Structure formats: C-alpha cells, structure tokens
Amino acid sequence: MEPVIIRPAVPDDYEQAEKIMQQVHALHLSWRPDIYKPCAPVLPRLEFLEAVAGQRLLVAETDGKAAGILLYLHRHIESENQVTREVLFIDTLAIDAGHRGRGIGRQLLQAAAQIARENGYDGVELQVNANNTDAYAVYKKYGFTEKSINMELPGFSSGR
C-alpha cells in the first residue's frame, strides 16, 4: 500500500466518495432501520460539488484513489446564554471498508484539527452513532470527549 495523502477533494473524487458513503449508510441502515432507508445516491453530486467548491471536503488518497473522506462545516455559535464560538464541525468522516484500521481516520482528524487551528476556531466537534463503537473508539483514542448525549424514548413509530 502506498502512503496516504490528505488533500482537498476534487470533482473526479465523486464516484469513490459515493462508494464510501454507500458503505457507511449500509451500516447506519443495519443499526437503525427505523430511521434510515435505502437510497442512492447517499451523497448527491451537487452537494459533493458544493463541498468541493467551498473547500470543506478532504480526501485521504492511497493507491491513486480515495480511501476516506472528511466533510466539515464552520459553525458560528452565538446566543445570549452561550459564549460566542467558531467551531469546525465534522459532518462526515468515512473510510472505505478495505482501508479501515490503518490510521486513515486519525490522519483526516489531524488535518481537520490543523484547519481549525489555522482558522482560529475554538474547537472541533462531531457526532457519532451510538452503535458505531469502532468510530467511537477512534474518536476517544484521538482525544475527543463527550460534551452532550442525545437520548430517545423508544417505542414510537412514524406510522409511515
């Protein structure tokens, strides 16, 4: 395996990025079929291209193709009862199934943290599915801590 290169995404990365997103969506679907449903594409091309144009999408490339992606957003937080903050929010971190466990997620997290530092952000945040224990372990190992926990009351159905 060639070394991993972290770089901004380009339009030609779409097909591989969508393949990776399909893999991750399949996991979410298996964990929570009450919330997720089969769909294609998972990452619409227009949304992908907007993220590329906005330079909010990183690719981990190895062997000449995308092995992982990280999509992030800038969140400006301001209210009467909260300190004003600028946060880099990781919307998506997804690694191709054949490349998991090789440190690619860690490298993408390092790149996101560097972007946050360079832009003077106050923090880096993300959410993780409670069933995604592998990702949770990666985030904990990297140094993320829990700041809030989403909870739900089971037994409700959309009836659809």
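In numbering that gives the first Met the number 0, the protein residues as written are 0 to 159.
Where a beta carbon is used, it is the ideal one built from N, C-alpha and C, also for glycine.
Treat the numbers as computed from the prediction; the structure is a model and nothing was measured.
Please name the residue in the options whose C-alpha comes closest to that of residue i.
i    : options               : result
R74  : E14, I19, A115        : A115
T144 : L152, G122, L28, N130 : G122
H98  : Q109, G154, A59, R6   : A59
Y13  : L57, S29, I148        : L57
A8   : Q54, A25, L152, Q113  : Q54
N131 : Q81, L28, F155        : L28
E1   : N118, R101, K146      : R101
L92  : L125, F155, I148      : L125
V51  : P10, M150, Q81        : P10
E117 : K139, E85, S147, D133 : E85
E151 : A25, Q81, I34         : I34
Only counting the same chain, and skipping five residues up and downstream in sequence, which positions put a Cβ closer than 6 Å to that of residue i?
i    : result
E77  : T83
C176 : The chain is shown only over 0 to 159; residue 176 falls outside these bounds and no answer can be derived.
Measure how close the beta-carbons of residue i and residue j come, nearest whole angstrom, since I'm counting them as under 8 Å.
i    : j    : result
T61  : V3   : 5 Å
G104 : I94  : 5 Å
L72  : A111 : With a Cβ gap of about 11 Å, L72 and A111 do not count as contacting.
V127 : Y120 : Not quite, the Cβ-Cβ distance comes to about 20 Å (not below 8 Å), so this is no contact.
Apart from the five residues just before and just after residue i, which ones in its own chain have a Cβ nearer than 7 Å to its Cβ?
i    : result
R42  : Note on identity: in this sequence residue 42 is Leu, with Arg being the wrong assignment. If we look at L42 and ignore the five residues flanking it on each side, its Cβ neighbours are A16, E17, M20.
Y141 : R105, L108
I5   : L57, A59, Q106, L107, A110
P40  : E17
L196 : The first residue shown for the chain is 0 and the last is 159, placing residue 196 beyond what the model contains.
F155 : none
Excluding the 5 residues preceding and the 5 following residue i in the sequence, name in chain order all residues of the same chain whose CB lies nearer than 8 Å to its CB.
i    : result
A96  : Q22
K146 : E124
Would the stretch 53 to 73 and the stretch 13 to 20 be scored as touching if the rule is three or more Cβ pairs under 8 Å? yes
What ranges does the beta strand (DSSP E) occupy inside the stretch 33 to 102, keeping only unbroken runs of at least 3 residues that lie completely in it? 56 to 61, 64 to 78, 81 to 94
Can you list, in chain order, the stretches of the alpha helix (DSSP H) that have 4 or more residues and sit fully within the stretch 95 to 142? 103 to 117, 132 to 141
List in chain order: all unbroken beta strand (DSSP E) runs of 3+ residues lying wholly within the stretch 1 to 38. 4 to 7
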